[in-house]
Structures are given as C-alpha cells and as structure tokens.
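Throughout the sequence shown, residue numbering follows the working numbering, covering 38 to 373 in sequence. To start, the structure under review is shown below, and the notes come after it.
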Amino acid sequence: MNVISPRQPLVQVTPRGLYCPRGDFYIDPWEGVDVALITHAHSDHAREGSKLYHITEQSLGIIQRRLGPDGVYHPHAYRQEFFLGDVKISFHPAGHILGSAQIRLECDGEVWVVSGDYKRDYDPTCEAFEVVPCDYFITESTFGLPVFVWKSIEEETEAVYKWWMKNQEVGKNCILGCYSLGKSQRVLHALAAFTDQPVLLHGATQALVDLYREQGVPLIATLPATDFEKGTKGQLILAPPAAISSTWARKFGTFESGFASGWMRIRGNRRRKAYDQGFVISDHADWPALLQTVKECGAKKIYVTHGYTDELSRFLVEQGHDAEPLETLFAREEDA
Ligand SMILES: [Zn+2]
Ligand SMILES: [Zn+2]
C-alpha cells in the first residue's frame with residue numbers, strides 16, 4: 038500500500054460525521070448539513086436540520102414522522118443507483134429495522150460500504166441483510182465482544198410468552214420494555230406464533246406499529262394501552278423502557294417488568310436496572326455475525342465504528358485483517 042499517496046480517502050471522519058468530499062455529502066451527520074444520506078430512522082442516525090435527505094423508500098414514513106413532514110426527502114429503492122458528484126451510490130438492505138440500509142459508494146473503481154446498524158438474524162419485519170462486496174467496509178460494533186451471541190428470535194419470544202402466561206395465572210400484568218422502532222414490531226410479529234391474545238401498546242409504540250402495518254408487515258393484534266380498564270389482570274403491555282419507571286405504568290397495578298435487549302445478555306445489567314426479567318433480543322449483529330460479515334464482504338480494509346471499536350478491530354487484526362477503529366462521535370444506541 039502506498040502510504041504517501043496524495044489521494045484522499047473516499048469517506049472521511051469530520052466533526053459533523055462521515056463525509057464524502059467527492060460527492061459533497063454526509064452519511065448520518067451529527068448536525069444539519071446540505072446533503073445527508075441516512076442509513077435508517079433511529080434517532081442516533083437520522084437527525085433533523087439538514088436541507089436534503091437521501092433515504093430508502095421504506096423508511097420515508099418513519100423519517101417523516103420523526104423529522105417532520107416539511108423536510109426535502111429523496112427516497113430510493115434498494116439497489117437503485119444514483120450519482121452525487123462522481124460518486125455512484127446505492128442503498129442495500131441492512132436487516133436492522135424497516136427501511137434500514139447499508140450505503141454503497143463507488144468512485145474511481147473503488148467500492149466503500151457504510152454498514153449503518155445491521156443484523157444477520159431472521160427478521161421478517163424488514164428486508165434481510167445483503168452481503169455487498171467492497172474494498173473498504175465501515176462496520177458498526179455495538180455488540181463487538183465474544184460474549185454477545187444471540188439465540189433465535191423464536192426461542193426468546195417463547196420465553197416472553199411463557200413469562201406472560203405465568204403472570205397471567207397469578208393475576209399479574211407484565212410490562213415489557215421494548216424500543217418503539219424495530220424491536221417492538223419484531224416481538225409483535227414473533228408472538229403471533231404462540232397466541233392470538235391482543236397486546237397493549239404505549240402510545241409511542243402504537244404510532245410506529247401503525248406505520249409498519251401500513252407497509253404490510255403482519256403483527257399480532259394490539260390495543261392502545263389507553264383502553265386498559267383499571268383492575269384488569271394478565272395483560273402484556275409493550276412500552277419504551279423509560280415508561281416502565283414513570284407514573285404512566287402505575288395504572289397497571291402490580292406488574293412484573295421485563296426488558297428485551299442485547300444488553301440483557303449480561304446478567305448484571307438486568308439486576309442493575311431492576312427488571313424482573315431480561316430477554317436477549319437485539320436488532321444488531323452479534324459477535325459471530327460481525328465476523329461473518331467482515332469475511333463475506335471481502336474488504337481489504339475494515340474500519341470499525343459505533344461500539345466496541347478497539348476490541349473488534351484488535352481481534353480482526355489478530356485474525357490477519359487490515360482493520361482499525363474509526364473514531365466518530367458516538368451516542369449510545371437508541372435501539373440495542
Ligand atoms: Zn439503529
Ligand atoms: Zn445506531
């Protein structure tokens with residue numbers, strides 16, 4: 038490799054986020070910019086204040102809801118190519134949430150892929166992850182430690198169902214903390230294999246569930262939690278995690294609390310946060326899936342961002358890859 042090459046890398050880290058000078062655009066920028074390419078609608082990736090957003094068609098409804106209807110949005114179908122400057126761009130499914138994308142950039146015969154958040158596990162609520170061959174791969178590493186290995190969604194959802202039934206028998210309600218975008222819909226889809234009892238939803242979750250249904254994603258029957266009649270027992274309620282410890286939860290009487298998250302893989306996290314139950318359900322790649330993806334994309338250089346950057350890049354180097362952390366500003370995931 039020619040280290041004195043005057044050529045700039047196609048993608049650079051700047052204080053406003055990942056920037057591509059050849060196309061004059063940012064990817065998931067931290068501040069308002071002229072042109073933003075957005076990998077997906079979670080709030081740590083889709084921020085307001087930019088003049089123009091390039092997004093996937095499937096995320097349009099969700100992003101409009103979150104950033105307001107007045108922004109200028111250019112929706113693209115997956116794999117549809119378009120140019121900004123002399124960079125050829127396309128969005129490819131990331132398997133993370135509805136509309137989530139990896140972004141492929143091609144310029145001067147060189148291909149870069151920015152993964153955004155992704156997972157390889159079965160999730161029929163969004164399009165499955167696609168391996169995109171590239172020369173440079175910028176991967177997330179939210180769960181980039183060997184301890185993070187997921188069971189199947191069926192197995193963990195069955196555990197949610199059994200927990201609900203056990204509490205129903207003793208006349209208690211259950212509130213499951215579940216991020217409102219992606220995680221909730223995945224659990225609501227998977228629960229349909231075990232029951233047809235309706236699940237009650239917090240208002241924030243309800244709005245996003247409606248957007249998934251509009252796009253034809255089949256989910257178990259749900260009711261707004263506002264329909265809950267005082268004194269009713271044996272219900273399962275899905276709510277954003279913060280709602281569980283708020284006054285909102287009081288109307289459900291004595292209840293058991295649970296949390297669906299990759300962080301629940303670490304027992305101490307559940308105890309520290311005082312949840313009665315933890316379910317290891319994540320919309321991010323686990324450790325084996327991160328390694329598999331790095332291998333399958335065939336990149337000669339891996340940049341690791343967003344999470345356990347040092348740990349994953351060190352391991353990849355030990356395995357013979359050319360890898361290094363990419364120091365970007367990093368906010369705790371909205372959705373892990
Ligand atoms: Zn995300
Ligand atoms: Zn993220």
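Just so it is clear, CB atoms sit at the ideal spot from N, CA and C, and this is done for glycine as well.
L104 is positioned such that its CB atom lies no closer than 8 Å to that of H91.
Beta-bridge pairing by DSSP links L260 to L237. L89 is a Cβ neighbour of V72, given a cutoff of 8 Å. Using a cutoff of 7 Å, the CB of H343 does not count as near ligand 1, since none of the ligand's heavy atoms is closer than that. Remark: the C-beta of D160 is outside contact range of ligand 2, defined as less than 7 Å to any heavy atom. Counting along the chain, R351 sits inside no beta strand (DSSP E); it lies in the alpha helix (DSSP H) bounded by residues T346 to E355.
Judged by DSSP in its simplified three-state form, G54 adopts strand. With contact defined as three or more Cβ pairs closer than 8 Å, the segment 110-118 and the segment 94-101 are in contact. Per DSSP, the beta-bridge partners of L121 are V124. In this structure, E167 and H129 form a Cβ contact; the two beta carbons are roughly 5 Å apart against a cut-off of 8 Å.
Where P112 is concerned, there is no enclosing alpha helix (DSSP H), although the beta strand (DSSP E) around it starts and stops at V109 to H113. In the three-state reduction of the DSSP assignment, Y155 falls in the coil class, being assigned neither a helical nor a strand state.
Less than 8 Å separates the beta-carbon of T259 from that of L225.
Contact between the segment 238-245 and the segment 298-318 is not established, with fewer than three Cβ pairs separated by less than 8 Å. The beta-carbon separation of D65 and H82, rounded to 4 Å, stays under the 8 Å limit for a contact.
In the DSSP assignment, no residue is bridged to L135. Under a 10 Å Cβ-count criterion, S152 is classified as buried, with 16 or more other Cβ atoms of the shown protein chains found around its own Cβ.
Contact check between the segment 308-316 and the segment 136-154: fewer than three CB pairs, one atom from each, fall below 8 Å, which does not count as touching.
Contact between the segment 181-196 and the segment 207-222 is absent: fewer than 3 CB-CB pairs across the two stretches fall below 8 Å.
Between A280 and the set G108, V246 and F296, the nearest pair of CA atoms involves F296. Bridge partners of C211 according to DSSP: L273 and E293.
D323 has its Cβ no nearer than 7 Å to any heavy atom of ligand 2. When rounded, the separation of the alpha-carbon atoms in I339 and L327 is 11 Å. In this model, R351 and W285 are separated by some 44 Å (Cα to Cα).
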